[in-house]
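> Below is one structure. I have some questions about it.
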Amino acid sequence: MCSSDLSFTFLDTDYWNPNTSYRLGHVVWLEIKGKVSTYKLSPNTTYTAYLSFAFSWDFYYGFHVPVETSVGIIGEDRINKLVYLDPRIAKSECQYLKRREDALFEIELGDYFHNDGEARDLEMTVREVKSGKPKCGITIYGMDLRPKRESINLYSKSSHQAHSYSERKIKRRER
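73 is the number of the first residue of the sequence shown in my numbering; add one for each residue after it.
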């Protein structure tokens, strides 16, 4: 989901490029929401949501404060977690913050298990509205929702079967 598909609270249009990204100006509240229909998701699959972003390395501040993330169906209970967007702090807190090949960062927002239920709206949220600390110098590129990779023991027979099943499932979706 690219940045033009996301909603931002306290958006300043001077910083908005609807085709590629949203560069955050000086704000105190940060709230980003993405939404996707579960109709588009494969049944019986756990998904992980990610936020992709970059910093203006010459000048950014305010991301030493944790942001609250949630992933879940609109109107239902969700599990919230706190993550740090500042790479120096996220690394020390042992959070999954990864620098991608395209030089963007991505951080896990949470997981969602989709069964065969009816089509509903799945919402992914990143927010920091409590600290009152100003934030500046981050560019939001989008949110991703990908099937979660399970850790597999490569030496057991059952893990080979699980890996083969996973490959078949992926190949079936590609058709």
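Here a beta-carbon is modelled for each residue, glycine too, at the ideal position from N, C-alpha and C.
(1) Can you list, in chain order, the residues of its chain with a C-beta nearer than 6 Å to that of H186? Leave out the 5 residues immediately preceding and following it.
(2) Might you give, ordered along the chain, the residues of its own chain that have their beta carbon closer than 7 Å to the beta carbon of T120, omitting 5 neighbours on each side?
(3) By alpha-carbon positions, which one of D149, L123, I146 ends up nearest to Y156?
(4) Report all residues from its chain with a CB closer than 7 Å to the CB of T153; omit the five preceding and five following residues, and keep chain order.
(5) May I ask you to list the residues that DSSP assigns as paired with V198?
(6) Answer with buried or exposed for I104, where buried requires no fewer than 16 other C-beta atoms within 10 angstroms of its C-beta.
(7) Between V143 and L102, which are expected to be in contact by the criterion C-beta below 8 Å, what is the C-beta distance as a whole number of angstroms?
(8) With DSSP as the reference, please indicate the residues paired to T211 in a beta bridge.
Working from what's here:
(1) T110, L113, T117
(2) The answer, listed in chain order, is E180, D183, R218, K220.
(3) L123
(4) The amino acid occupying residue 153 in the given sequence is Lys; Thr does not appear at that position. Excluding sequence neighbours, K153 sits near T141, G182.
(5) I104, T141
(6) buried
(7) No, V143 and L102 are not in contact; Cβ-Cβ is about 17 Å, not under 8 Å.
(8) R95, A126
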